[in-house]
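The working numbering applies: residue 58 is where the sequence shown begins, and numbers increase by one. In this text, a Cβ means the ideal position worked out from N, Cα and C, and glycines have one as well. First the structure, in the form of structure tokens, and then the observations on it.
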Amino acid sequence: MEELARAAGITVRTVRFYRERGLLPPPRREGRIAWYDDHHLARLRTVAALLERGHTLTGIADLAAVFESGRDVGEVLGLGEPTEETPVHLSPEELADYFEDEVTPENLAAALELGYLATDGDEIVHISRRLLDVSSALVREGVPLAAVLAAARRVRAHADAMADLFATTLHTHAPAADPAKLRPLARSVVEAELSMALDRRLHTNPDTNPDPDPDPPVA
């Protein structure tokens, strides 16, 4: 513990305090010897970085608990399954840089539930570079992260419904076709229709429009 405290630039008393608050996982023990490793040092440096960003010790402990209960990246992505998305490996400090004070236990729990965030060993993984960039851009424009995640949940429902529609159409009428060729075609249809829908929506008085995002029909 003394060696760990020295490497982290803090006191042994502080290390013990962090252990008691659940901020630091227990060491590996061999008899009377307690072994701390690079994981423990990285956690202490993360705690220091988050404290500098204004997070409280209670908040940091809550964040740590959320991440440690999160799903593994293999469970989220599906090992061996093809994907067009590029996962992004992040430290807690880097995630805070993207979303600043919006990184709360509640938002992290929602992101984990949606499958946007996962864990890979000691790292945090966002499953999509595109979604990470878009989400952080919306937050910078003033949209609360909680609202972004709530909208994402509704978008997910509609996206699943559209994917079912295309999958059924292709399996019915082109069962022998190469999915790698048909997938971009389906995506282009969705992008074009969404673009036209936004044109109609943004050029109309929103106060006179009905609910723009009704729940998708259930077959």
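- Task: Assign S193 to one of two classes, buried (16 or more other C-beta atoms within 10 Å of its C-beta) or exposed (fewer than that).
- Result: Mapped onto the sequence shown, residue 193 falls at position 136. The residue is buried, with at least 16 neighbouring Cβ atoms inside 10 Å.
- Item | Same chain only: Cβ atoms within 6 Å of V69, ignoring 5 sequence neighbours per side | Counting from one through the sequence shown, the residue named residue 69 turns up at place 12. Contacts found: M58, E59, A62.
- Message: I'd like to check one pair, E125 with T176: are the Cβ atoms closer than 9 Å?
- Response: The residue given as residue 176 occupies position 119 in the sequence shown. The residue given as residue 125 occupies position 68 in the sequence shown. Contact flag set, yes.
- Item | Rounded separation between A214 and R86 - CA only | Position 157 of the sequence shown, counting from 1, holds the residue named residue 214. Position 29 of the sequence shown, counting from 1, holds the residue named residue 86. Each residue's alpha carbon lies about 47 Å from the other.
- Message: What does the Cβ neighbour count give for P149, buried or exposed, with the cut at 16 atoms within 10 Å?
- Response: Within the sequence shown, the letter at position 92 stands for residue 149. Burial call: buried.
- Message: In the DSSP output, what is I184 paired with across the bridge?
- Response: On the sequence shown, position 127 is the one that residue 184 refers to. Beta-bridge pairing links I184 to no other residue.
- Given A224 as reference, the closest of V212, R211, R240 once Cα atoms are compared: Here residue 224 corresponds to residue number 167 of the sequence shown, with the count starting at 1. Of the candidates V212, R211, R240, the one whose C-alpha sits nearest the C-alpha of A224 is R240.
- Could you give the DSSP three-state label for I67: helix, strand or coil? The count along the sequence shown starts at 1 and reaches residue 67 at position 10. Of the three classes helix, strand and coil, the one that applies to I67 here is coil, per DSSP.
- Message: Helix, strand or coil for E157? Go by DSSP, reduced to three states.
- Response: Locating residue 157 in the sequence shown gives position 100, where the first residue counts as 1. Helix, per DSSP.
- Message: DSSP has R211 in a bridge; who is on the other side?
- Response: Your numbering for residue 211 matches position 154 in the sequence shown. Looking at the DSSP assignment, R211 forms no beta bridge with any residue, so it has no partner.
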